[in-house]
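Taking it in order: structure first as structure tokens, then the write-up.
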Amino acid sequence: MARIDRFLQALFQSGSERLILASGKPAALASGDRLLPVSKQPVTLPQILDLVREVAPAERREAVAGPGRHEFSYDSPAGSVAVLSVRNNGSVQAEFTPIRPRGAAPGGAGAEIDALFRRMVENNCSDLHMSTGRPPLFRKDGEMVPLGEDPALSGEEVERLLRPIVPARNWKEFETTNDTDFAYELAGVARFRCNAFRDRLGVGGVFRQIPSRIPKAEDLGLSRHIMDLCRLSKGFVLVTGPTGSGKSTTLAAMLSHINETRRDHVITIEDPIEFVYTPGRCLINQREVGLHTTDFKRALRAALREDPDIVLVGEMRDLETVKIALETAETGHLVFATLHTNTAPSTIDRIIDQFPADEQGQVRTMLSESLKGVIAQTLCRRREGGRVAAHEVLLVNSAVANLIREGKTFQIPSIMQTGRGLGMVTMNDALLDLVRKKLIAPEEAYAKSYQRSELRTAFERHGIRWNEKAVEDPGAETTPKPDPSRPAPAGGPAPPPGTARTPAR
11 MARIDRFLQA
21 LFQSGSERLI
31 LASGKPAALA
41 SGDRLLPVSK
51 QPVTLPQILD
61 LVREVAPAER
71 REAVAGPGRH
81 EFSYDSPAGS
91 VAVLSVRNNG
101 SVQAEFTPIR
111 PRGAAPGGAG
121 AEIDALFRRM
131 VENNCSDLHM
141 STGRPPLFRK
151 DGEMVPLGED
161 PALSGEEVER
171 LLRPIVPARN
181 WKEFETTNDT
191 DFAYELAGVA
201 RFRCNAFRDR
211 LGVGGVFRQI
221 PSRIPKAEDL
231 GLSRHIMDLC
241 RLSKGFVLVT
251 GPTGSGKSTT
261 LAAMLSHINE
271 TRRDHVITIE
281 DPIEFVYTPG
291 RCLINQREVG
301 LHTTDFKRAL
311 RAALREDPDI
321 VLVGEMRDLE
331 TVKIALETAE
341 TGHLVFATLH
351 TNTAPSTIDR
361 IIDQFPADEQ
371 GQVRTMLSES
381 LKGVIAQTLC
391 RRREGGRVAA
401 HEVLLVNSAV
411 ANLIREGKTF
421 QIPSIMQTGR
431 GLGMVTMNDA
441 LLDLVRKKLI
451 APEEAYAKSY
461 QRSELRTAFE
471 RHGIRWNEKA
481 VEDPGAETTP
491 KPDPSRPAPA
501 GGPAPPPGTA
511 RTPAR
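Take the position in the sequence shown, starting the count at 1, then add 10; the result is the number in the numbering used here.
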């Protein structure tokens with residue numbers, strides 16, 4: 011019996027979220043922000059390293075005692091836990107988080123879903139979908155396809171597959187709210203961002219693959235001007251796009267570059283943690299909403315007291331989070347964040363529109379001073395298989411800042427056209443570039459465009475032959491015709507009365 015097992019028994023019996031061992035402090039059980047000590051004496055750094063090393067996989071026992079971040083799982087008599095050990099500057103902290111409800115079988119079902127994950131990775135699929143009444147389906151190159159002859163799953167089978175990998179606190183949440191988000195790592199294969207839910211037919215789950223290796227900027231086609239944003243000492247940088255457009259991957263590549271080239275303190279706030287950063291030149295603290303903090307806004311407030319140089323906000327979900335992120339950038343920090351908006355100009359409108367009318371003037375001023383760049387992206391199918399991102403790039407110079415301050419964001423696309431030499435790129439120009447490089451078909455570019463008539467004109471100008479009929483709804487414009495009685499919003503003409511400007515999610 012491992013020495014840590016008595017602490018883990020208390021962890022499972024109490025229903026706490028995790029066990030924390032921090033050098034110089036008593037061992038404690040954590041639930042939210044509450045800590046319950048379970049040892050009278052503080053634990054020392056050597057004691058923690060011995061406890062972690064004792065339960066680590068044999069091939070990693072020496073490595074886990076070294077500096078940096080180490081993750082693995084351990085099956086204790088009380089239940090299975092995810093182990094996270096971080097050693098920095100003469101201190102160490104180890105966290106043990108339940109990953110299997112007490113009493114759930116440690117084998118069988120876990121091996122079944124792991125086999126699906128391996129099949130997903132081997133076939134270069136981005137997502138796995140499990141739904142009651144359907145066989146497992148995989149998203150490959152943007153399309154939902156079966157892989158093999160799997161039978162349809164019953165609700166009980168989906169639940170049986172899910173339970174071994176859902177952390178105990180998330181299973182409680184799932185039973186209460188009927189959905190939950192969490193992360194799962196299959197050692198040596200990949201990490202997965204997971205969502206479990208119930209619908210009218212029963213239990214379901216969706217799993218997004220997060221590559222174990224963070225891609226380089228050149229792998230993603232990120233331009234020099236995009237990477238120059240990583241050199242900023244302060245400001246606000248946004249990566250936007252619809253769900254599944256690769257925002258997290260782009261941010262990970264940028265943060266990895268910072269980790270290789272700067273000596274800064276970086277705090278990430280994510281839900282859940284997706285890419286895991288290895289120790290480099292930077293000190294990186296990754297916090298997960300629901301596990302290490304209650305919500306984004308609380309973690310952002312706390313970050314200001316943690317001496318950060320750079321803060322990454324996984325998603326700005328509400329007005330208060332946006333407000334604190336802006337204040338953080340204004341006070342001399344570099345802030346990266348994501349939004350679910352389709353174009354760079356419409357991102358600015360989206361932020362301003364979240365605020366009450368009497369605050370919007372002040373927000374325009376704050377944005378004009380702190381916003382440094384917006385990268386809007388969409389994923390396109392490659393001609394030869396796989397997907398490639400088209401990046402729209404807005405760099406905030408004095409002209410753009412003045413338009414933001416004066417509420418004339420509808421003029422920003424014109425500035426982007428004239429600012430090509432500075433590194434600005436409209437979405438249509440990004441799509442056209444991919445077509446001319448023969449990476450994507452013209453029909454794919456047209457389907458992804460938000461201003462199709464302009465792209466059609468560009469095809470004609472460059473002599474690009476294509477089949478418009480091959481695109482679904484070929485005559486549709488994704489930007490409505492302007493209403494001369496209303497000022498046009500950023501990113502295109504104004505929508506007709508009664509039409510919402512909320513971007514697609």
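Ideal Cβ placement from N, Cα and C applies to all residues, glycine included.
Taking C-beta atoms as the reference points, residue 440 and residue 464 fail to come closer than 7 angstroms. Cβ contact annotation for residue 143 (same chain, cutoff 7 angstroms, sequence separation greater than five): 162 and 211, in chain order. Under the three-state reduction of DSSP, residue 191 is assigned to strand. Comparing C-alpha distances from residue 167 to each of 30, 213, 84 and 475 shows the shortest one belongs to 213. Scanning its chain for C-beta atoms nearer than 8 angstroms, with the 5 sequence neighbours on each side dropped, one finds around residue 133 the residues 148, 150 and 157, in chain order.
In its chain, beyond the 5 residues on either side, 344 and 382 have a beta carbon closer than 7 angstroms to the beta carbon of residue 242. Judged by DSSP secondary structure, residue 247 falls within the beta strand (DSSP E) whose first and last residues are 245 to 250.
Going by DSSP, residue 200 is part of the beta strand (DSSP E) stretching over 200 to 209.
Residue pairing from DSSP places residue 28 in a beta bridge opposite 40. Taking the C-beta atoms as reference points, residue 357 is found no nearer than 7 angstroms to residue 190.
Here residue 240 carries a helix assignment [DSSP, helix/strand/coil]. A residue is called buried when at least 16 other Cβ atoms come within 10 angstroms of its Cβ; residue 206 meets this threshold and is buried. Burial is judged here by how many other beta carbons sit within 10 angstroms of a residue's own beta carbon; residue 195 has at least 16 and is buried. In the three-state scheme derived from DSSP, where H, G and I count as helix and E and B as strand, residue 326 is classed as coil. One Cα belongs to residue 436, the other to residue 334, and the distance between them is close to 29 angstroms. Comparing alpha carbon positions, the residue from 271, 473 and 396 closest to residue 450 is 396. The beta-bridge partner set that DSSP reports for residue 108 consists of 91. Your pair residue 339 and residue 429 does not check out as a contact, with CB atoms roughly 22 angstroms apart and the cut at 8 angstroms. Taking a 10 Å sphere around the C-beta of residue 359, we find 16 or more other C-beta atoms and assign the residue as buried. Pairing residue 413 with residue 399 gives a Cβ-Cβ distance that is not under 7 angstroms. In this structure, residue 106 lies near residue 29, with their beta-carbon atoms less than 7 angstroms apart. The Cβ atoms of residue 32 and residue 48 lie no closer than 7 angstroms to each other.
The beta carbon of residue 59 sits closer than 7 angstroms to the beta carbons of 75 and 102 from its chain, once the five residues preceding and following it are set aside; these are given in chain order.
Counting only residues of its own chain and dropping the five nearest sequence neighbours on each side, residue 62 has a CB closer than 6 angstroms to the CB of 74, 95 and 104. Within the region 39 to 75, complete beta strand (DSSP E) segments of at least 3 residues are found at 44 to 47, given in chain order. Judged by beta-carbon spacing, residue 218 lies beyond the 7 angstroms limit of residue 160, meaning their Cβ atoms are not closer than that value. Each residue's CA atom was taken as its position, placing residue 140 and residue 124 some 13 angstroms apart. Relative to residue 22, the option among 444, 462, 11 and 89 whose CA is nearest is 89. Here residue 401 carries a strand assignment [DSSP, helix/strand/coil]. If you look at residue 365, you'll find it isn't in any alpha helix (DSSP H); DSSP assigns it neither H nor E. Counting every other CB atom within 10 Å of its CB across the protein chains shown gives residue 193 a total of 16 or more, marking it as buried. With a 10 Å radius around the Cβ and a threshold of 16 neighbouring Cβ atoms, residue 307 comes out buried.
The Cβ atoms of residue 15 and residue 67 do not sit closer than 7 angstroms to each other.
Your pair residue 281 and residue 324 checks out as a contact, with CB atoms roughly 6 angstroms apart and the cut at 8 angstroms. DSSP lists 32 and 96 as the beta-bridge partner residues of residue 103. Bounds of the alpha helix (DSSP H) holding residue 466 are 462 to 471.
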